[in-house]
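Down below is the structure, laid out as structure tokens.
Residue numbers (this note's numbering): 6 to 374.
This is the structure we're talking about:
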């Protein structure tokens with residue numbers, strides 16, 4: 006005879022004793038460890054993939070700059086000779102009088118360090134979003150090949166780690182910088198040293214009569230405790246100093262090109278500096294550089310170009326989506342008691358959203374170049 010279950014006395018739940026809590030704690034720690042392992046993988050390889058994709062996009066834009074088109078009427082008649090009867094409306098050739106207008110994040114140069122095997126497009130700006138694409142040019146420093154101190158920052162351990170081996174450079178090693186007009190400027194390394202984060206003087210121009218290059222990154226590796234600095238000087242025997250402006254920041258006030266023996270160097274405390282009379286110098290004479298802009302440059306150097314508090318809403322939003330996917334997978338499992346179905350529906354969306362969580366959490370980390 007069949008005995009119906011007594012629904013008025015359901016089976017008692019399993020008692021949640023100390024061992025049950027230890028088991029849940031162990032499972033949570035395992036999951037946390039796996040997530041940390043995945044995040045480290047994202048930092049070391051995922052950011053490199055992002056940087057590589059950005060460099061590919063920069064390549065197309067940069068070479069568009071290098072071969073701009075000018076109206077055919079502006080070209081000498083002798084340059085229009087062609088075997089074809091059809092004369093193009095435009096001819097690709099550099100325009101020496103019209104600077105390229107760039108926004109931060111646009112390519113402005115190529116930096117090559119032969120001894121380290123480095124070849125990267127340099128972007129305008131040193132904000133966190135800029136340096137994810139490649140090394141960045143400090144906006145308030147001169148352009149490549151100019152008199153003064155050209156300063157470029159780069160990551161050391163993430164986003165392609167272009168400056169990871171910067172400490173291996175020796176005196177006399179070459180650093181080649183190509184500008185948007187395709188001109189190569191060869192700098193020779195003079196020294197390498199370590200400074201504190203507040204020592205932003207290293208990116209300033211101390212001697213406006215010399216063409217210098219300063220590369221900056223964090224030190225030691227996987228830390229932003231200090232800054233590693235490599236300085237170099239233009240080899241004028243191979244690369245003469247230039248005075249034109251191949252590019253101009255969109256936010257930069259218009260500059261006047263002047264030729265004179267005395268030029269007022271725009272700083273927070275302007276100092277009049279004398280240079281050789283046969284040297285042409287491009288100077289901003291409309292007005293001094295805003296002190297707020299100079300302060301931002303100093304602040305950028307000290308902070309290490311990372312840690313973006315504006316990422317918090319994005320982080321919390323993506324975590325909420327991630328938890329929703331987990332809850333949805335759990336609901337599918339409880340509804341149909343099928344782990345295979347729950348995993349099939351939840352795993353792919355989980356890892357896609359996890360990628361965006363990692364991407365935004367990375368913006369909140371302490372400086373780590």
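Ideal Cβ positions, reconstructed from N, Cα and C, are used throughout, including at glycine.
Keep in mind it's a predicted model, so treat the numbers as computed, not measured.
If we ignore side chains and look at the alpha-carbon of each, how far apart do residue 34 and residue 41 end up?
10 Å
Using CA atoms only, rank isn't needed, just tell me which of 331, 118, 353 is closest to residue 36.
331
Can you give me the Cβ contacts of residue 346 inside the same chain, cut-off strictly under 8 Å, excluding the 5 residues immediately before and after it?
The answer, listed in chain order, is 337, 338.
DSSP state of residue 94 mapped onto helix, strand, coil
Low confidence applies to residue 94: its pLDDT is 45, below 50, so where it sits in the model is not reliable, and the reading given next is rough at best. Three-state result, residue 94: coil.
Backbone CA spacing between residue 43 and residue 342 [nearest angstrom]
29 Å
Within 10 angstroms of the Cβ of residue 315, are there 16 or more other Cβ atoms? Answer buried if so, exposed if not.
exposed
So does the stretch 188-203 actually touch the stretch 240-247, counting three or more Cβ pairs closer than 8 Å?
Two segments are said to touch when three or more pairs of C-beta atoms, one from each, lie closer than 8 Å; by this definition the stretch 188-203 touches the stretch 240-247.
Please name the residue, chosen from 366, 56, 227, 352, that lies closest to residue 164 on a Cα-to-Cα basis.
56
Taking only the alpha-carbon atoms, compute the straight-line gap between residue 333 and residue 162 and give it to the nearest angstrom.
Approximately 37 Å between the Cα atoms of the pair.
Could you check what DSSP says for residue 229 in three-state terms: helix, strand or coil?
coil
Simplified DSSP assignment, three categories, for residue 283
Any answer about residue 283 is weak, because its pLDDT of 38 lies below 50 and its placement is not dependable; what the coordinates show is given next. Coil.
Three CB pairs or more closer than 8 Å across the stretch 200-213 and the stretch 143-162:
yes
Inter-residue Cα distance where the pair is residue 221 and residue 159
7 Å
Can you tell me where the beta strand (DSSP E) holding residue 210 begins and where it ends?
Residue 210 -> no beta strand (DSSP E), and no H or E assigned at all.
Continuous alpha helix (DSSP H) stretch holding residue 32: start and end
23-46
Exposed or buried, which one is residue 351 when buried takes at least 16 other CB atoms within 10 Å?
buried
Buried or exposed: residue 106, going by 16 or more other Cβ atoms within 10 Å of its Cβ?
exposed
For residue 134, which of 121, 110, 166 has the nearest alpha-carbon?
110
Please classify residue 251 as buried or exposed, where buried requires at least 16 other C-beta atoms within 10 Å of its C-beta.
Here residue 251 is buried: its Cβ has 16 or more other Cβ atoms, across all protein chains shown, within 10 Å.
Would you mind working out which of 194, 52, 23 sits nearest residue 237, comparing C-alpha positions?
Here the closest residue by C-alpha is 194.
Looking at residue 157 and residue 200, is the spacing between their C-beta atoms short of 8 Å?
For residue 200 and residue 157, no; Cβs fall outside 8 Å.
Looking only at DSSP bridge pairs, what is residue 157 linked to?
142, 220
Minimum C-alpha distance to residue 242 - residue among 224, 216, 226
216
Need the endpoints of the alpha helix (DSSP H) that residue 170 sits in, please.
No residue range can be given for residue 170, since it is assigned to no alpha helix (DSSP H) and is classified by DSSP as neither H nor E.
DSSP on residue 201, reduced to helix/strand/coil?
coil
List the endpoints of the continuous beta strand (DSSP E) containing residue 179.
179-184
Hey, out of 112, 181, 51, whose CA is closest to residue 67's CA?
112
Between the C-alpha atoms of residue 30 and residue 355, what's the straight-line distance to the nearest angstrom?
Taking C-alpha positions only, residue 30 is separated from residue 355 by approximately 22 Å.
Of the listed residues 60, 130, 233, nearest to residue 202 (C-alpha basis):
233
Where DSSP assigns a beta bridge to residue 125, which residues make up the other side?
Partner(s): 116.
N- and C-terminal bounds of the beta strand (DSSP E) containing residue 254
252-254
Taking just the CA atoms, how far does residue 150 sit from residue 257?
Here the alpha carbon of residue 257 sits roughly 19 Å from the alpha carbon of residue 150.
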